[in-house]
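Engineer: Using the working numbering, you'd call the opening residue of the sequence shown number 512 and step up by one each time. Got a structure for you, written out below as structure tokens; questions coming shortly.
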Amino acid sequence: MTVLTDRAVDPVILGDLAQVRLGQAFLSRALNEVKNEDLVRPSALPGWSRAHVVAHVGYNARALNRLVDWAATGIVTPMYSSPLERDEEIELGSTLAPRALRHLSDHAAIALDVAWRDLPQERWSETVKTARGREVPVSETVWMRTREVWLHAVDLGTGSRLADVPGPVGERILSDVLEVWSSRGEAPVRLVADDSGTVIGEPGGSVLEGRLSDLLGWATGRSVRGVRSASGDVLPAPRWI
Ligand code: ZN
């Protein structure tokens, strides 16, 4: 059955859905600002053109849609069959004609949103597995997509900035990054956002300071601009994903 409103009723899920929809609109606007002839130009991500970013974001929506389908039907459908297949898909997708790329981006996002909308409340806690093998409730797909749309909109390099990312989204991404580092045994880090007053990380960790958006740029491997440390040296952040 297709309905026009969300079947979820949990206020936390509904809040996350509102946030991801804002992010998707932000990404769509950024993509609209990229001229067709500029899609082949470099994005902010090393080695990736803007077309790579658009293909990746489109295929990411399809992959997350598979997890929502998994939760809806109980039939196991992983995000990707292998990391290699994922990379090949992005590579091939980046060669699509501009019109096809935009179509992929728009339609995959709409299909994912419809899948979320139609997922009954009682299915939102179903367990699915991410591409990295983490078992999560399917509700996590909303956050996974939120991270993607905000960060990659900025990667398109059309004037959207990390400072445009809403504070709560930026803070949650930073917490995710620190969690990944900690699970991998990286040296502990404490991030102090001097504009929002937010402190993220462990008390004993080496302190890095800067605006929330600059810390976000550093932690996600995009830039070291605006970030300070007590020793004066700011090394590139460890790999995140
Ligand atoms: Zn991504």
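Just so it is clear, CB atoms sit at the ideal spot from N, CA and C, and this is done for glycine as well.
#1: In whole angstroms, what separates the C-alpha of D527 from that of S650?
#2: Where does the unbroken alpha helix (DSSP H) through L719 begin, and where does it stop?
#3: Are the region 574 to 587 and the region 520 to 539 in contact at 8 angstroms, needing three or more beta carbon pairs?
#4: Assuming G711 is part of the beta strand (DSSP E), what are its boundary residues?
#5: Is it buried or exposed, H567, if we count other Cβ atoms within 10 angstroms and call 16 or more buried?
#6: Helix, strand or coil for E637 per DSSP?
#7: Starting from P648, trace the alpha helix (DSSP H) both ways and give me its first and last residue.
#8: Taking buried to mean at least 16 other C-beta atoms within 10 Å of its own C-beta, is D666 buried or exposed?
#9: Would you mind giving the Cβ-Cβ distance between P699 and K640, rounded to the nearest angstrom? I have them listed as a contact below 8 angstroms.
#10: If you scan the region 577 to 632 from start to end, which runs of the alpha helix (DSSP H) of 4 or more residues do you find wholly inside it?
#11: Report the rounded CA-to-CA distance for R733 versus L556, giving the unit in angstroms.
#12: Tell me, please, which residues DSSP counts as bridged to P553.
#13: Measure from the alpha carbon of T652 to the alpha carbon of each residue in L746, D744, N571 and I752, then state which is nearest.
#14: According to DSSP, is S671 helix, strand or coil?
#15: Within a Cβ cutoff of 6 angstroms, which residues of the same chain sit near S740, ignoring the five residues on either side of it in sequence?
#16: Which of the three DSSP states, helix, strand or coil, is assigned to M512?
#17: How would you label D725, buried or exposed, when you count the other beta carbons within 10 angstroms and need 16 or more for buried?
#18: Have a look at the DSSP bridge pairing and note the partners of L702.
#19: Regarding L662 and the ligand ZN, is the C-beta to nearest heavy atom distance less than 8 angstroms?
Structural biologist: Considering the structure as presented:
#1: 9 angstroms
#2: Here L719 belongs to no alpha helix (DSSP H); instead the beta strand (DSSP E) covers S717 to G721.
#3: no
#4: Here residue 711 turns out to be Ile, not Gly, going by the sequence shown. Segment V710 to G712, the beta strand (DSSP E) holding I711.
#5: buried
#6: coil
#7: Element bounds for P648: not the alpha helix (DSSP H) but the beta strand (DSSP E), E646 to P648.
#8: buried
#9: About 28 angstroms; that fails the 8 angstroms criterion.
#10: Listed in chain order, the alpha helix (DSSP H) elements of length 4 or more contained wholly in the region 577 to 632 are 594 to 604 and 609 to 629.
#11: 7 angstroms
#12: S560
#13: Checked all of L746, D744, N571 and I752; the closest Cα to T652 is N571.
#14: coil
#15: L719
#16: Reliability fails at M512, whose pLDDT of 48 lies under 50, so the model's placement of it is uncertain and the value that follows must be treated cautiously. M512 falls in the coil class under three-state DSSP.
#17: buried
#18: I711 and L719
#19: Yes, the beta carbon of L662 sits closer than 8 angstroms to at least one heavy atom of the ligand ZN.
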